[in-house]
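*Asks:* Got a structure for you, questions after.
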Amino acid sequence: MPLEIVTIPCLSDNYAYLAHDPATGATAVVDVPEAAPVEAALAERGWRLSDILITHHHQDHVGGVEALRDAHGARVVGAAADAHRLPPLDLALGDGDSISIGAATGRVLDVSGHTVGHIAYHFPDSGVVFTADSLMALGCGRVFEGTPEMMWASLSKLAALPPETLVCSGHEYTAANGRFALTIEPENAALRARVAEVAVLRAEGRPTVPSRLSEELATNPFLRAGQDAVKRGVGMEGAPDADVFAEVRARKDRF
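Be aware that the sequence shown starts at 1, since it is given in the UniProt record's numbering, and climbs by one per residue.
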């Protein structure tokens, strides 16, 4: 049985995710910007928290970890490479390692770039990947600690997942990301349609995440740095893909 995913708005523009295994009753939360909304979502469904999965060390992703651990005795999982600046881990993992939520088995992906040691969690049988601030809806995280080449390698790794994969990212930045994306590919019909759809969702107060990887491959300029249309959009026809990504990221940083 696939994991049941619940999107939980937190803080001003963050998201946490519950991943519930119906077969065993195990429930994980991926990132904890704050504890109260997670507690409310668990109580509403009568679920018990078994695991806390951390993607990276930033406070807006770990701020509620200790409170949830204390309240539920949940296992805390994170990157071994980042353990020195994460809340204490019960299980430290690296790229390619397995992770389980009840009977559901996933794989850890090193997606460093936004931070060094940032990881994603891919559960192939459930068709879902938790990407936090690596691949985002119509965007990607700022490259704070890594290099553009590192971030491009991480995004390329995520782009290679099955197109139907559900991408659970960490922030409600999609509308702003869409406005930027249109400056790179103004003639992309799929992008224009998606931006219009995002506007409707936000007007109704609804989240724009998760998204499908297929949507990102068709509309996200950061994933599309290898496409001729994006290269033309930044005046870099024939340039290496990683260099084009770096230019797109630099333009977004100034946008």
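Even glycine gets a Cβ: it sits at the ideal position worked out from N, Cα and C.
Where do the ends of the alpha helix (DSSP H) carrying F180 lie?
*Replies:* Residues 174-184.
*Asks:* What number of angstroms, rounded off, separates the C-alpha of D60 from the C-alpha of V32?
*Replies:* Rounded to whole angstroms, D60 to V32 spans 8 Å at the Cα level.
*Asks:* Do you know offhand how far V244's Cα is from E44's?
*Replies:* Distance between the alpha carbons of V244 and E44: 46 Å.
*Asks:* Rounded to whole angstroms, how far is the Cβ of H118 from the Cβ of A132, which I believe are closer than 8 Å?
*Replies:* Yes, H118 and A132 are in contact; Cβ-Cβ is about 7 Å, under 8 Å.
*Asks:* So which of V167, E34, D82, D95 has the shortest CA-CA distance to I5?
*Replies:* Residue V167 is the option with its Cα nearest to I5.
*Asks:* For F255, count neighbouring C-beta atoms within 10 Å of its own C-beta (all shown protein chains included) and say buried if the count is 16 or more, exposed if not.
*Replies:* That one is exposed.
*Asks:* Going by DSSP, what residues sit across from D110 in a beta bridge?
*Replies:* Paired residue(s): I119.
*Asks:* Can you give me the C-alpha to C-alpha distance between L158 and L53, rounded to a whole angstrom?
*Replies:* Their Cα atoms are separated by approximately 18 Å.
*Asks:* When the Cα of M136 is compared with those of V76, P221, R107, which residue comes out closest?
*Replies:* Cα-wise, what sits closest to M136 is P221.
*Asks:* Does the Cβ-Cβ distance between S169 and G146 come in under 8 Å?
*Replies:* Cβ atoms of S169 and G146: not closer than 8 Å.
*Asks:* Applying the 10 Å Cβ sphere with the 16-neighbour rule, what's the burial state of G46?
*Replies:* Under this definition G46 is an exposed residue.
*Asks:* Got a sec? Which residues, its chain only, sit under 6 Å from A28 by beta carbon, not counting five neighbours each side?
*Replies:* The answer, listed in chain order, is A19, D51, L53, I101.
*Asks:* Can you tell me whether R75 is helix, strand or coil according to DSSP?
*Replies:* If DSSP states are grouped into helix, strand and coil, R75 belongs with the strands.
*Asks:* Considering only residues of the same chain and omitting the five flanking positions on each side of N14, which have a CB-CB separation below 7 Å?
*Replies:* Excluding residues within five positions, the ones whose Cβ falls inside 7 Å are P33, D60, G170, H171.
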